[in-house]
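Participant: Before I ask anything, let me first share the structure, which is written out below as structure tokens.
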Ligand SMILES: C[S@@+](CC[C@H](N)C(=O)[O-])C[C@H]1O[C@@H](n2cnc3c(N)ncnc32)[C@H](O)[C@@H]1O
């Protein structure tokens, strides 16, 4: 927060010595030691983080950090899908259901997938999901036997480096005229970076490149305020993707 990176690294190293199983601290040290970034944030780290965060996630994100992700992604989806309804949709990294709530009315089936059982307990209370799965999204997509008209990943791909990890399996389960709606935190440096807060930021060129590699293309995109972080505004890139051959 204060930019004292070396001090932070030393402090986290001391914490890790006391708690060698702390997955969040181990992951933060990957960035602070400038070690090679993992392909995605490790499962144990996500589960440890959201075990605690699930109790105050919405209050913290919406009330304290002014989270506008759901509003902006919904605007893009609504202008693209107009009055299309009866959709088979999946919400990847559904969390407490902030994205699911914005699309539920146009869905015949709404599936939620998340690594955190505590976050899934929160989303279950909404009673908008047809089914909820405790699973890692890229692995789940690879083995899932369904086709979807709408695939949403709001504030979830911030935990992935190369976006093809999710876009490739997502594309293979996307209906011919289906749409994928995603958000990432914006990076000025291509293709993507693991930041000192342990999340990835992506450059807009990487979104287009990963889409093309996955047989997809960008059909709508906007950059907008996502939320505050340590008093600074975070900007996100919201994108709608379709099959490359869907005209
Ligand atoms: C920042 S929250 C976003 C939740 C919700 N989409 C929203 O916008 O409020 C990220 C969610 O993604 C989940 N997540 C992160 N990486 C994941 C992965 N690889 N597989 C499944 N869920 C993951 C976390 O457990 C968490 O619930």
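Residue numbers (the numbering used here): 167 to 413.
Where a beta carbon is used, it is the ideal one built from N, C-alpha and C, also for glycine.
#1: Can you tell me whether DSSP reads residue 341 as helix, strand or coil?
#2: So is the beta-carbon of residue 243 under 7 Å away from any non-hydrogen atom of ligand 1?
#3: Is residue 168 helix, strand or coil by DSSP?
#4: Span of the beta strand (DSSP E) holding residue 366?
#5: Less than 8 Å between the CB atoms is what I'm expecting for residue 206 and residue 327, so what's the real figure, rounded?
#6: Exposed or buried, residue 287, counting other C-beta atoms within 10 Å across all chains shown (16 or more means buried)?
#7: Could you compute how far the alpha carbon of residue 257 sits from the alpha carbon of residue 400?
#8: Going by alpha carbons, who is nearest to residue 251 out of 370, 344, 228?
#9: Compare the C-alpha of residue 346 against each of 410, 198, 354, 300 and name the closest.
#10: Unbroken beta strand (DSSP E) runs of length 3 or more, entirely within the region 358-408: which are they?
#11: Report yes if the CB atom of residue 404 is closer than 8 Å to the CB atom of residue 353, and no otherwise.
#12: My understanding is that residue 392 touches residue 234, with C-beta atoms under 8 Å, so please give their C-beta distance in whole angstroms.
#13: Buried or exposed: residue 259, going by 16 or more other Cβ atoms within 10 Å of its Cβ?
#14: Any heavy atom of ligand 1 within a distance shorter than 7 Å of the CB on residue 203?
#15: Consider the C-beta atom of residue 212 and the heavy atoms of ligand 3; say whether any pair is separated by less than 7 Å.
#16: Taking residue 274 as the reference, which of 315, 243, 237, 303 has the closest Cα?
#17: What's the gap between the Cα of residue 221 and the Cα of residue 262?
#18: Leaving out five residues on either side along the sequence, give the residues of the same chain with a beta carbon under 6 Å from the beta carbon of residue 210.
#19: Closest to residue 340 by CA distance: which of 366, 192, 407 is it?
#20: DSSP three-state label for residue 347, please.
#21: Check for me: the beta strand (DSSP E) holding residue 314 runs from which residue to which?
#22: Using 7 Å as the cut-off, classify the Cβ of residue 285 as near or not near the heavy atoms of ligand 1, replying yes or no.
#23: Compute the minimum distance between the beta carbon of residue 229 and the heavy atoms of ligand 1, and state whether it is under 7 Å.
Facilitator: According to the structure shown:
#1: Your numbering for residue 341 matches position 175 in the chain shown. In the structure shown, residue 341 sits in a strand (DSSP, three-state: E or B).
#2: Numbered from its first residue, the chain shown carries residue 243 at position 77. Not under cutoff, so the answer is no.
#3: Translated into positions along the chain shown, residue 168 becomes position 2. Coil at residue 168, not helix or strand.
#4: Reading the chain shown from its first residue, position 200 is the one you call residue 366. Note, residue 366: beta strand (DSSP E), 366-368.
#5: Taking the first residue of the chain shown as 1, we reach residue 206 at position 40. Taking the first residue of the chain shown as 1, we reach residue 327 at position 161. Contact flag correct, Cβ pair sits at about 6 Å.
#6: In the chain shown, residue 287 corresponds to position 121, counting from 1. Residue 287 is exposed by the Cβ-count criterion.
#7: Locating residue 257 in the chain shown gives position 91, counting from the first residue. Locating residue 400 in the chain shown gives position 234, counting from the first residue. Cα to Cα, residue 257 sits roughly 22 Å from residue 400.
#8: Locating residue 251 in the chain shown gives position 85, where the first residue counts as 1. Considering only alpha carbons, the answer is 344.
#9: On the chain shown, position 180 is the one that residue 346 refers to. Answer by Cα proximity: 410.
#10: 358-360, 366-368, 382-395
#11: Position 238 of the chain shown, counting from 1, holds the residue named residue 404. Position 187 of the chain shown, counting from 1, holds the residue named residue 353. No, the Cβ-Cβ distance between residue 404 and residue 353 is not below 8 Å.
#12: Position 226 of the chain shown, counted from the first residue, corresponds to residue 392. Position 68 of the chain shown, counted from the first residue, corresponds to residue 234. Contact flag correct, Cβ pair sits at about 6 Å.
#13: Taking the chain shown and counting its residues from 1, one reaches residue 259 at position 93. So residue 259 ends up on the buried side.
#14: One-based indexing of the chain shown puts residue 203 at position 37. Outside the cutoff, so no.
#15: With respect to ligand 3, the structure offers nothing, as its ligand set consists of ligand 1.
#16: One-based indexing of the chain shown puts residue 274 at position 108. Answer by Cα proximity: 315.
#17: As a first step, residue 221 is located in the chain shown; it is residue number 55 there, counting from the start. As a first step, residue 262 is located in the chain shown; it is residue number 96 there, counting from the start. Each residue's alpha carbon lies about 10 Å from the other.
#18: Against the chain shown, residue 210 aligns to sequence position 44. Excluding sequence neighbours, residue 210 sits near 189.
#19: Translated into positions along the chain shown, residue 340 becomes position 174. The shortest C-alpha separation from residue 340 is found at 407.
#20: Here residue 347 corresponds to residue number 181 of the chain shown, with the count starting at 1. Of the three classes helix, strand and coil, the one that applies to residue 347 here is strand, per DSSP.
#21: For the purposes of this step, residue 314 is taken as residue 148 along the chain shown, with counting starting at 1. It spans 314-319 - the beta strand (DSSP E) in which residue 314 sits, taken as one unbroken run.
#22: Within the chain shown, numbered from 1, the residue matching residue 285 stands at position 119. Correct: residue 285 has its Cβ closer than 7 Å to ligand 1.
#23: Within the chain shown, residue 229 is the residue found at index 63, counting from 1. No, the beta carbon of residue 229 sits no closer than 7 Å to any heavy atom of ligand 1.
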